[in-house]
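Below: one structure, written as structure tokens.
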Amino acid sequence: SRNDPNSTYNEENLAQCVVDFFVAGTDTTFGTLMWALLLLANHSHIQEKVQKEIEDVFGTSGSISYQDHKKLPYTNAVLHEMQRIKYVLLFGVPRQSTKDVKMRGYHIPKGTFIIPDLRSVLLDPEQWETPEEFNPNHFLDKDGKFITREEFLPFGIGQRVCVGEQLARIETF
């Protein structure tokens with residue numbers, strides 16, 4: 002609390018957190034949208050399919066919101082594939098081990114910095130049919146329905162998942 006002498010709360014920390022959230026959110030969303038434009042410009046056949054799906058579902062004058070993403074399986078697949086193939090961070094957010102851990106035969110001492118490489122999963126040839134290609138079919142079943150893939154981790158996983166994931170999904174849609 003504010004009056005606790007052992008608290009790390011202060012206005013400077015609060016201001017830094019706000020700046021961190023703002024920079025993290027705008028930087029990554031901007032990067033994702035830039036890659037989206039480049040990928041669609043280089044894959045006009047995919048761009049045309051997205052446009053056709055949107056027009057078929059909403060016509061040419063309707064407005065679209067994030068709640069509509071389930072009505073647009075191909076468009077949703079394209080957005081997911083953009084984030085998979087062009088992951089905007091060099092590495093995941095660094096973490097630090099809070100205790101000694103044994104994992105898959107490796108000893109990780111307390112205090113060790115851990116930098117996740119999510120690209121190792123997002124581009125893993127054992128998980129993706131064509132890992133180096135922009136292929137929205139990675140997120141579609143044989144009937145053209147959108148599927149969620151466990152290997153899709155651009156926002157991280159578990160307790161340390163990106164706190165801005167939902168906002169990022171809304172903004173990129």
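The working numbering numbers the first residue of the sequence shown as 2 and each following residue consecutively. From the three backbone atoms N, C-alpha and C, an ideal C-beta is built for every residue, glycine too. No experiment lies behind these values; they were computed from the predicted model shown.
Asked, Found
"Close-in-space but distant-in-sequence residues of the same chain around V89 (CB under 6 Å, 5 per side omitted)", "T29, G32 and T33"
"Assigned secondary structure, F156 (DSSP; H/G/I helix, E/B strand, else coil)", "coil"
"I86 versus D125, Q68 and M104, residue with shortest Cα-Cα distance", "D125"
"Buried or exposed by the 16-neighbour rule on C-beta atoms within 10 Å, applied to F22", "exposed"
"Cα-Cα separation, A78 to H139", "8 Å"
"Beta-ladder partner(s) of H139, from DSSP", "DSSP, once it has assigned bridges, lists no residue as partnering H139."
"I116, DSSP secondary structure in three states", "coil"
"Counterpart residues of Y107 in DSSP-defined beta bridges", "M104"
"Proximity of E54 and T76 at Cβ, strictly below 7 Å", "yes"
"Three or more C-beta pairs below 8 Å linking the stretch 8-15 and the stretch 146-159", "no"
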